[in-house]
Amino acid sequence: MALAQEDIAFIKAHLGEWLAEQSLGKPPVVYEIELRERMVRVEEELKHQRELMRQGFEQMDKRFEQVDKRFEAMQASMDKRFEQMDKRFDEMLKRHDQQFFWLVGFIATGVGLVIAALRYL
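Mapping of the sequence shown onto my numbering: position 5 corresponds to residue 5, and the numbering continues sequentially without gaps.
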């Protein structure tokens, strides 16, 4: 059995009234109060969560700053060690240069003596 257009129009016109009579179209006052209280609790919890997140981010920033300070200290320490190694290397090169010149001088003197000795033979 199909509904006539008149029946459909009648149902549409009275549907709101019928739902209101059954308290389904408009929630009761108690339900509205509960919803409002629930919304307030949710908002408070969100506010609390935001505060916790801010605190967490602040702690992370402090930790990053500490790590940066450690890296800077390590960098300074490594720079100092490299400078010490560079000084040692320079000193070693100077000693080796001096030894090289002594060796060249010794060889030149020896060759000179050998040449001089060969001339007198």
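Built from N, CA and C at the ideal position, the CB exists for glycine as well.
C-alpha distance - E83 paired with I107, whole-angstrom precision: 36 Å
Any idea what DSSP makes of L118, helix, strand or coil? helix
Which value, in whole angstroms, describes the spacing of the CA atoms of F100 and D68? 47 Å
Going by the beta-carbon positions, is the gap between I11 and L3 smaller than 9 Å? yes
Quick one: residues in its chain with C-beta nearer than 7 Å to the C-beta of G25, no 5 flanking neighbours on either side, listed in chain order? Residue confidence is low: G25 scores 49 on pLDDT, short of 50, so the model does not pin down where it sits. No coordinate-derived value is stated.
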